[in-house]
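Heads up, the thing below is written out as structure tokens.
In the working numbering, the protein residues as written are 9 to 263.
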């Protein structure tokens, strides 16, 4: 049983992260700083549960990069942290420079096989047309016995449409995109069909099972990223999981 990870997944933590989301556009530090801390704690807990060892001293690759808060959170726990950012303007636009950051495609990572103890990606898979190709390359650069962690926003969850709205994407991705453009006078950052795709919970679980069937990795746990542990059962219920899981975390250990 993933005792450390379950201990972290409390209702108080879920509520705190949910409240922080409202600051993403207006005051990014109030959103990204607690999210970065939570992410580092989550990876540490998963390592302790799966490998029996902490994050300290581990080589960590963050596919999708992110603001400097993530680098600070991981480095504070003694990890060797490397972010990969596909869009060179993403961090530059925010005025953030992360030492050691690498520009690269998540599906064609510029690293040799088995380079990192932990390879993770959070909220990136829904922004690429083939998330499972990215997942495969993440696993390629993971060391034998290391963890590959893929977390993404489920399309039919309440946040599937991202900034285009809480309900509009249920009508359709194109509808949500076009309605946003009409209301704001410019297209959304996350534009359906270009930089936002309808990735289901079931598709992620199928990909995880395929890794076991091919003998390349062992699935350790799949759970909702922001839910308390008593709600993790939602992942096991077809249909319901598409609407209520919101963000699926897939954790596999490379063979």
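The C-beta atom is built at its ideal place from N, Cα and C for all residues, glycine as well.
The structure presented is a predicted model; accordingly, all values stated were derived computationally and were not measured.
- request: Please list, in chain order, all residues of the same chain as residue 257 whose beta carbon is under 6 Å from its beta carbon, the five residues on each side excluded.
  value: Taking C-beta separations shorter than 6 Å and ignoring five residues to either side along the sequence, the partners of residue 257 in its chain run 159, 231 and 233, following chain order.
message: If I measure Cβ to Cβ from residue 77 and keep anything under 6 Å in the same chain, skipping five residues before and after, which residues do I get?
response: 40, 41 and 44
query: Around the Cβ of residue 73, are there at least 16 other Cβ atoms within 10 angstroms (buried) or fewer (exposed)?
result: buried
- request: Can you give me the Cβ contacts of residue 69 inside the same chain, cut-off strictly under 6 Å, excluding the 5 residues immediately before and after it?
  value: 90, 124 and 127
- request: Quick one: using the 10 Å Cβ neighbour count with 16 as the cut-off for buried, is residue 243 buried or exposed?
  value: Under this definition residue 243 is a buried residue.
query: What's the call for residue 172, buried or exposed, on a 16-neighbour Cβ count within 10 Å?
result: buried
- prompt: When the Cβ atoms of the stretch 214-231 are set against those of the stretch 177-185, are three or more pairs found closer than 8 Å?
  reply: By the C-beta criterion, the stretch 214-231 is judged not to be in contact with the stretch 177-185, since fewer than 3 inter-stretch pairs fall below 8 Å.
task: Can you tell me which of 140, 236, 152 and 144 puts its alpha carbon nearest to the alpha carbon of residue 209?
output: 140
message: Do residue 207 and residue 115 count as a contact pair if the criterion is CB distance below 9 Å?
response: no
query: Taking the runs of the alpha helix (DSSP H) that are 4 residues or longer, which of them lie wholly in the stretch 154-191?
result: 176-179
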